[in-house]
Amino acid sequence: MADGKLLIVGAGLSGLFAGILAARADLDVTIVARGQGNLMLGTGTIDVHGYQGKARLEVPALGALDDDHPYHKLSDYALREAIELLREICRRRGNPMIGNLEKNLLLPTALGTSRPTTLAPISMVAGSLRDESPLWIARLNGFRDFFPQLMHNRLPQNIHIVDLALTAKEFRRDAYTTDLARMLDNFHKREQITNAWRKSILDYRKKTGEAVTRLGLPAILGLENPRVVLADVEDALECHVFEIPTLPPSVPGMRLYNLLRAEFLTLGGQLVLGPSVKGKISKYQRGSAVMKTANKTEKAIEADAILLASGGFGHHGLVANVDGSVTESVFDLPVDYLTDRHAWTAESYLDAHPYAKFGLRTNAQMQPINQNNKLQADNIWACGSILAGADRLSEGSREGISLSTAFTAVENIIQALS
Amino acid sequence: MRKQFTEVLVIGGGATGLSAARDAVMRGFKTLLLEKGDLAHGTSGRYHGLLHSGGRYVVSDPHSARDCIAENRILRKIIPSAIENTDGWFVTTPEDDPAYADTFLAACKAQGVPAEELNVDVLLNKERLLNQRISRTIRVPDAACDSFDATHILAHDIKARGAKVLLRHEVIGLEIRRQKVCGVNVRNLLTDEEFLIETSMVLNCSGAWAGNIAAMAGGFLKVTPGKGTMIAMNTRLVNTVVNRCKLPHDGDILVPVGTVSVIGTTDIPVESPDQYPIEDWEVEFLLNEGEALIPGFKKFRALRAWAGVRPLYDPTAGGKTESRDLTRSHAVIDHQARDGVGGLLTMVGGKFTTMRLMAQDLVDEACKQLRTKRPCTTAETPAEAPGTKHYYLAQRLNRWEQSHAQHTALTDPIICECELVPESKVRAGIEASQSKILNDLRRDTRLGMGPCQGGFCAYRANGIACGMLAQTPEDAHTTLAQFLQERWKGQRNLLWDHNLRQLELDQNIYRNLLGLDHTVDTADIELYPTEKTA
Ligand SMILES: Cc1cc2nc3c(=O)[nH]c(=O)nc-3n(C[C@H](O)[C@H](O)[C@H](O)COP(=O)(O)OP(=O)(O)OC[C@H]3O[C@@H](n4cnc5c(N)ncnc54)[C@H](O)[C@@H]3O)c2cc1C
């Protein structure tokens, strides 16, 4: 077992997961992060590799990705072990994830397209589009962040819309997903709500003669104890119920965040949210870092190893500057990017944008290197969305990259420190 | 083919056309207005937002200055709620010649533009971000005017007075009999249906496109489109209009408009009023000019860049001229006298600020040709309910809080958080326009114009519209993609810092969570024909 202090910058999926792995190996781990990362905004699923071009993949096809893709830096077991470990933690902490690397799940989006993913929370799987039976989708009248009318009828499955009653007493109409989830967490409110919904379903049955077999709801089924909420709702409505991710904040993403955070803290890790981290690299190629808090005080952080899990452009790990340059925000490490700003984006908003692949170049040990492959510091590693070479949205690969590169980085850190 | 008749037919739903239609209907003409896009679809919806006091023109173009101050006073009375009474200042920065301020003051006096030089501290204490080395400050009655609000008010008023307004209808030809225009051929761009509207008088208010209409009458009219680029900064860096005190030049005005402030403009002659991409050097130039007024300007978030085209009339057609040298004043062109074709008048030049006056001159001429005497009453008659107040910044918030106090908020959620647009407004907008084009809703409500540039509200508005207009999901997805594509045009030149971060968030919503890129074929997101400009 290794011994030493590890500083992780960033509390997104890769930062937390790396924190857990390092703490399990008895490292003294501190995570410092400005905010909570991409989980709050995402689907709450673990996407490993869903698309090749516009084609949906049955199975991740990592071999088809470019040579400099982060997946190609990994040992052949890193992804598999990372996925297994995450699944184990989620199961143990009461929010099981379903799926495997052998076949992508296909789940509906709120626009009714079919979305491939590797792992999904149990609360989503009844919506599987591999099952050809019809889908009933709930319209929570007045909820502004979910419009089932927009779900496609080009899917092979028939889609029916069911109106579920909402009364002003239960819902503020400008509520977010998280407001509804908190209400469903509360036993009494949940009972009221599910009773009203039950009545709506019975009315629907009477009116149409259809028996609802599986019902999709926006992803709002509780933050604290999703299994209980799911079971209660299913009992009341007498059908399978599944969640469909919709506009942020992401309830399934927050559950995953809460669960990983709890696991990390239980293992003795330290989490500091708020300050930003600034670092420098000495002429002996050693990185050191300070935290900057809101009142501008600086505090040195002791660390034998530093892991950058500070995210891409969306979370300030990478910053694009007005002069057209791109910088890495903590150490000003060299970033792979295109100097011609016109080439950063595609003409069409919905096409793949080249800037997505900008990021840190690393060696196989996940340590940042420059364009001439020169190591930048002996004690700095990087993982997650800050890494160059992947277009996570177009590939459907964000979480897979985060987990597996965190796994590999920590493996190398442990080796370096022992 | 369907046939219709109207006495006066106005081409163009910008400031000039709407003012002309208002003038005509108020003089008792049966009036119809045709616009190929949406209201304020052309230059009017892309202008800088300044209701000129005339100060800008006192030295270089005194005639315009006098028109501006007179019309400034009138518009405050007839479309009050589109105007925010911000005042304006002419300031001498270290880069400007301090002596110009004396020339300026004398010229203001001569042209009747109220101007008062005050101790610099008065302004600098109010506007803390301004360059502290500004040496002279002169106050004038400039104001900010929202062209979407203004055009919607005018359209509402003229419809209430019995005129017809047809949007998405393009004039594709003129019917000419015995040397006189007696009708126009129109295409409904949404249905592709074509028909004829007969008329006694065509008023061509198509701005930068005026040459196309003149050509339909066999005339040659040189209108040089002069592209002007502007950048909206994310916040109100100033609460008053700030002009550099020097001869009018590029990038020398900063206007607070709603929740943003707009720096502009550039001025570059371009070939076509439909194709004029923004260049990186323009963005850089404007941000640099901003630095003279506000040190550190570049560090603030630039939200969106867009451009409009000035319809500058060149009476000396042929020779090449820099477009700012062309006359700014307006002129009515009588095609009878010019090209031997009667029944057609064209308005060229002018400004947003002088729209009413331009309309008056135009309809005066029309009356003359139609041999009727009818006085113009537009200056005395407000287009809005009596007692309507000027716009003020906290207006939307105030309205929202009041509705909260009355608990109506419970049934009226905010759809666009950045611009505080509640669901009731979205529904009313869709109801009134019946338009599937989300961008029309934006012009009507400011939906999607704030910092998130449509990230959240586009999906919500799309969902509401889809239900109300009974759109198929396929159709609705295309609508959504079109809206996002239109917003994208204004962002692409400004992708640094916050904007790239915002792009990541929005891309995550539309390409990851919703999978919009997997339901529409991106090659298919043809914008509507008239949405293609810039
Ligand atoms: C960059 C810039 C900044 C400006 N800033 C200011 C300012 O701060 N203050 C100020 O007072 N003025 C300003 N102006 C000037 C002002 O914007 C214009 O003078 C005014 O908006 C012109 O209005 P319009 O109605 O004549 O033209 P437009 O608004 O362009 O209207 C013409 C309309 O005709 C329609 N049309 C064209 N062809 C056809 C057809 N065949 N059939 C049907 N419809 C057709 C077009 O779609 C368009 O909507 C600015 C101009 C520019 C370019």
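Residue numbers (the working numbering), protein chains in the order written: chain A, 1311 to 1728; chain B, 167 to 700. We treat Cβ as the ideally placed atom computed from N, Cα and C, and that holds for glycine. Keep in mind it's a predicted model, so treat the numbers as computed, not measured.
Contact under 8 Å by Cβ, residue i with residue j
i	j	result
GLY1360/A	THR1419/A	no
GLN619/B	ARG470/B	yes
GLN1475/A	ALA1506/A	Sequence check: residue 1475/A is Ala here, not Gln. Yes, these two residues count as a Cβ contact at 8 Å.
ILE397/B	VAL449/B	yes
PRO1664/A	ARG1671/A	no
LEU528/B	ALA186/B	yes
VAL1720/A	LEU1326/A	no
GLY220/B	ARG232/B	yes
ALA1491/A	VAL1561/A	yes
ALA383/B	HIS496/B	no
GLY1532/A	LEU1575/A	no
DSSP state of residue i mapped onto helix, strand, coil
i	result
ALA621/B	Note on identity: in this sequence residue 621/B is Gly, with Ala being the wrong assignment. If DSSP states are grouped into helix, strand and coil, GLY621/B belongs with coil.
LYS1383/A	helix
LYS1413/A	strand
VAL1640/A	coil
ILE1399/A	helix
TYR223/B	helix
LEU492/B	Annotation note: pLDDT 49 at LEU492/B (below 50); position unreliable, no value reported.
GLU1608/A	strand
ILE1730/A	Nothing about residue 1730/A can be reported from this structure: the residues present for chain A run from 1311 to 1728 only.
GLN1270/A	The structure shown does not extend to residue 1270/A, since chain A is modelled only from 1311 through 1728, so no value can be given for it.
LYS615/B	Here residue 615/B turns out to be Met, not Lys, going by the sequence shown. It is coil, neither helix nor strand.
MET1407/A	strand
ARG653/B	helix
LYS539/B	coil
C-beta neighbour in chain A for residue i, strict 8 Å
i	result
ALA473/B	no
LEU199/B	no
LEU492/B	Confidence is the limiting factor: at LEU492/B the pLDDT is only 49, short of 50, which leaves the residue's position unreliable and the question unanswerable from this model.
CYS632/B	yes
GLY616/B	no
TYR625/B	yes
LEU682/B	yes
PHE622/B	yes
GLY629/B	yes
ILE580/B	yes
ARG562/B	no
THR725/B	The requested residue 725/B is not part of the displayed model; chain B covers only 167 to 700.
Bridge partners - residue i, DSSP secondary structure assignment
i	result
GLU283/B	ILE304/B
ASN351/B	GLY339/B and LEU362/B
PRO435/B	GLY392/B
GLY254/B	VAL306/B and VAL407/B
ASN370/B	ILE177/B and THR512/B
LYS346/B	ARG343/B and GLY508/B
VAL498/B	MET513/B
LYS1315/A	ASP1338/A
Chain C contact for residue i (CB, 8 Å cutoff)
i	result
ASP641/B	Of the protein chains in the structure, A and B, none is chain C.
Residue i at chain B interface by Cβ criterion, 8 Å
i	result
PHE1457/A	yes
ALA1478/A	Confidence at ALA1478/A is low in this model, with a pLDDT of 49, below 50, so its placement is unreliable and no value can be given for it.
LEU1557/A	yes
HIS1462/A	yes
VAL1629/A	yes
LEU1703/A	yes
THR1419/A	yes
LEU1730/A	A question about residue 1730/A goes unanswered here, because the residues of chain A that appear run from 1311 up to 1728.
ARG1425/A	yes
Cβ separation of residue i and residue j, assumed to be a contact under 8 Å, to the nearest whole Å
i	j	result
ASP1614/A	ASN1689/A	6 Å
MET1407/A	PRO1370/A	Rounded, the Cβ-Cβ distance is 16 Å, inconsistent with contact.
LEU1290/A	ILE1318/A	There is simply no residue 1290/A to check, as chain A begins at 1311 and stops at 1728 in what is shown.
PRO414/B	THR252/B	With 8 Å as the limit, PRO414/B and THR252/B do not qualify as a contact, their Cβ atoms being about 19 Å apart.
ILE1696/A	SER1620/A	6 Å
ASP1473/A	ARG1449/A	5 Å
MET1564/A	VAL1582/A	About 19 Å; that fails the 8 Å criterion.
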